[in-house]
Structure formats: structure tokens, C-alpha cells
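Chemist: For what it's worth, UniProt numbering labels the leading residue of the sequence shown as 1, then goes sequentially.
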Amino acid sequence: MSERHDDQAEVAADIAAVEQANTAFYEAMERGDLDELSGLWLPGEDLTISCVHPGWPVLTGRGEVLRSYALIMANTEYIQFFLTDVGVSMTGDTALVTCTENILSGGPAEDGGELGPLVGQLVVATNVFRRTGDGWKLWSHHGSPVLADSDDDDDEDTPS
Numbered sequence: 001m002s003e004r005h006d007d008q009a010e011v012a013a014d015i016a017a018v019e020q021a022n023t024a025f026y027e028a029m030e031r032g033d034l035d036e037l038s039g040l041w042l043p044g045e046d047l048t049i050s051c052v053h054p055g056w057p058v059l060t061g062r063g064e065v066l067r068s069y070a071l072i073m074a075n076t077e078y079i080q081f082f083l084t085d086v087g088v089s090m091t092g093d094t095a096l097v098t099c100t101e102n103i104l105s106g107g108p109a110e111d112g113g114e115l116g117p118l119v120g121q122l123v124v125a126t127n128v129f130r131r132t133g134d135g136w137k138l139w140s141h142h143g144s145p146v147l148a149d150s151d152d153d154d155d156e157d158t159p160s
């Protein structure tokens, strides 16, 4: 029974570590900390990392992926993520995190002074992590926008 308890404790510790790595990813984005964000991804090109931002093509390799985050950070004055529906699945040294990113963001106002209007967006995301000697590192991020139903769509389905 003790061995089973040890296994459960080890799995729980791994899940907690993956959840922390996932949280660190979003917190680095919120702070605009590209150095920290870079350190959260798998190092080197031996395992090619990939990223899909909503509406973007697939980006592969550290250079391409990290450049995309640099561009996003440089052009986003404010961003905050409220994660919901977070789920973690694991097999061996690979972990899969699914979640809904409830994003609040804004850019500079047109007159340049203060923050422009805030915009909300829902994105479903899948983050794949690999266990390394330095902890859990991102291997892949894929975000897809959630299309909201509108009342106009309902009107079209209703026969006249």
C-alpha cells in the first residue's frame, strides 16, 4: 500500500509542477518578460518547439516562436489572462494542459497618452510540456479563438 501511496504522491507533485509551469507562462506574458518566457520553453533545436496563436500560421523553432512573443509584447500595452477549465493529463515525461484563456487586453490610445479601450477575448489553449533536468518546459502552445454565438445567427435558423 505504501508504494501505491508514494506513486500517487509523485503524480500529484508532477501535476502541481506542471500547473506551476503553465501559470508561469501566462504570468511572464502579463509582465511582458521575454527573458523569463524564453526560459520556459524547451532549449535548443533538438526538439523543435511549435506555437499557434489564434489566426496565425504554425510557427516552428525557438527563433520563430520567441520572435512572435516579442512582437506580441511590443504591441500590447496591457494583457491579463484569467484561466478557466484547466485540465492536466500526463504520460511519462510529457504533460498536456488544456484551458480556456479569458483574455483582457488593450493597446495605446490613439492620442498616445493612456491605455486604449480594453478588449475581451476567449481562446481555448493546449500547452504541451516536457520534463527536463530544469523542470517542466513548454514544447508546444496552440490557441484557438472561441467563436461566440450571436443573436443574428439564431434569427437565420428560425423559419419565417
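For each residue, glycine too, the CB sits at the ideal point set by N, CA and C.
Out of 58, 66, 11, 97, state which residue places its alpha-carbon closest to the alpha-carbon of residue 29.
Modeler: Checking every option, the nearest Cα to that of residue 29 belongs to 66.
Chemist: Quick test of your reading: residue 139 and residue 21, contact by CB under 8 Å. State the CB separation rounded to the nearest angstrom.
Modeler: So it is not a contact: roughly 11 Å between Cβ atoms.
Chemist: Measure the C-alpha to C-alpha separation of residue 147 and residue 101 and round it to an integer number of angstroms.
Modeler: Rounded to whole angstroms, residue 147 to residue 101 spans 13 Å at the Cα level.
Chemist: With a 10 Å radius around its C-beta and 16 neighbouring C-beta atoms as the bar for buried, classify residue 81 as buried or exposed.
Modeler: Residue 81 is buried by the Cβ-count criterion.
Chemist: Which whole runs of the alpha helix (DSSP H) in the UniProt domain "SnoaL-like" (18-146) are 4 residues long or more, in chain order?
Modeler: Segments of the alpha helix (DSSP H) lying fully in the UniProt domain "SnoaL-like" (18-146): 34-39, 62-74.
Chemist: Quick check on the burial criterion: 16 or more other C-beta atoms within 10 angstroms. Buried or exposed for residue 41?
Modeler: With 16 or more other Cβ atoms within 10 Å, it is buried.
Chemist: Can residue 124 and residue 96 be called in contact, C-beta distance under 9 Å?
Modeler: No. Outside cutoff.
Chemist: Does the distance from the CB of residue 131 to the CB of residue 94 come in under 9 Å?
Modeler: Yes.
Chemist: If residue 169 sits next to residue 106, beta carbons under 8 Å apart, how far is it from one beta carbon to the other, in whole angstroms?
Modeler: The requested residue 169 does not occur in the structure, where the chain is confined to residues 1 to 160.
Chemist: Pick helix, strand or coil for residue 6, following the three-state DSSP scheme.
Modeler: If DSSP states are grouped into helix, strand and coil, residue 6 belongs with the helices.
Chemist: For residue 31, collect the residues of the same chain with a Cβ closer than 8 Å to its Cβ; drop the 5 residues on either side in sequence, then sort them by chain order.
Modeler: Excluding sequence neighbours, residue 31 sits near nothing in its chain.
Chemist: Alpha carbon to alpha carbon, how far is residue 35 from residue 86? Give it in angstroms, no decimals.
Modeler: Computed Cα separation, rounded: 25 Å.
Chemist: Which residues in the same chain have their Cβ closer than 7 Å to the Cβ of residue 53, if we skip the five residues on either side of it in sequence?
Modeler: Here the set comprises 68, 143.
Chemist: With a CB to CB cut of under 8 Å and the five nearest residues on each side skipped, what residues in its chain are close to residue 84?
Modeler: Here the set comprises 99, 100, 102.
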